[in-house]
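**Student:** 0 is the number of the first residue of the sequence shown in numbering that gives the first Met the number 0; add one for each residue after it.
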Amino acid sequence: MRPDVTRRADLRRPRPLRTGGVVACAALVVALTGCGPVELATPDLDEADAATCAALVADLPDTLAGEKPVDTEPEGAPGAAYGDPPIVVSCGAPEPEDFRETADCLVVNDVGWFVPPSQDADNEADLVLTSAGYSPRLRVDVPAEYRPEGSAAVLAELASVVSAHLDLVERCV
């Protein structure tokens with residue numbers, strides 16, 4: 000024998016169809032576009048570094064680790080974002096707080112990258128990769144969801160752009 004169950008839906012007030020459609024459309028827009036543009040850093044760059052970063056950004060690949068570009072703001076910020084969650088590329092980044100001249104670096108296609116030791120050791124952590132020994136610096140934020148294959152692809156795909164546009168000040172070993 001089946002128990003008699005009263006559905007909660009039967010006890011609610013009916014909603015106008017138009018309201019339900021608006022909610023459904025809003026949910027669809029969020030699902031398709033994420034939560035809006037990715038906010039990029041706007042570092043205070045001198046004229047030469049600003050020109051270098053602009054040229055680098057113009058030369059970034061059409062996809063990064065298989066991810067397509069996503070909208071960013073503010074317009075003209077020296078960087079780009081790809082995918083959801085976004086992989087964020089920022090030119091003109093400051094030196095990482097935990098960077099030391101004796102820090103280890105990861106060399107991919109002849110470009111050295113500083114990876115904070117705590118992030119490198121934890122495959123579930125987001126990565127903040129910074130081009131080591133280059134001026135201006137390039138910072139790449141890679142969400143943990145892309146590790147490990149995606150982070151390796153990101154570094155390999157950005158190596159030629161870094162080599163072509165940024166000045167090597169000191170080789171990372």
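Just so you know, even glycine gets a beta-carbon here, dropped at the ideal spot from N, CA and C.
Which residue from A124, E123, W112, P116 puts its Cα closest to that of A131?
**Tutor:** A131 has its Cα closest to that of W112, out of A124, E123, W112, P116.
**Student:** If you follow the beta strand (DSSP E) that D83 is part of, which residue opens it and which one closes it?
**Tutor:** Run containing D83: none; DSSP gives neither H nor E here.
**Student:** Note down the Cα distance separating L44 from G91, rounded to an integer number of angstroms.
**Tutor:** Roughly 7 Å separates the two Cα atoms.
**Student:** Going straight from the alpha carbon of V29 to that of P116, what length do you get?
**Tutor:** Any reading at V29 needs caution, since the residue's pLDDT is 36, under 50, leaving its predicted position unreliable; the model's value is listed next. Rounded to whole angstroms, V29 to P116 spans 35 Å at the Cα level.
**Student:** Candidates L126, P42, A54: which alpha carbon is nearest I86's?
**Tutor:** The option with the nearest alpha carbon to I86 is L126.
**Student:** Strictly under 8 Å for the Cβ-Cβ distance: is D121 near chain B by that measure?
**Tutor:** The structure shown contains no chain B; it holds only a single protein chain.
**Student:** If we ignore side chains and look at the alpha-carbon of each, how far apart do P36 and E72 end up?
**Tutor:** One C-alpha to the other measures close to 6 Å.
**Student:** Quick check: what's the CA-CA separation for D48 versus P135?
**Tutor:** Looking at the two C-alpha atoms, the distance is approximately 6 Å.
**Student:** Starting from the C-beta of P84, find all residues in its chain whose C-beta is less than 8 Å away, skip the five residues before and the five after it, and write them out in chain order.
**Tutor:** Taken in chain order, the residues that qualify are P142, E144.
**Student:** What separation, rounded to the nearest whole angstrom, lies between the Cα atoms of H164 and L55?
**Tutor:** Cα to Cα, H164 sits roughly 6 Å from L55.
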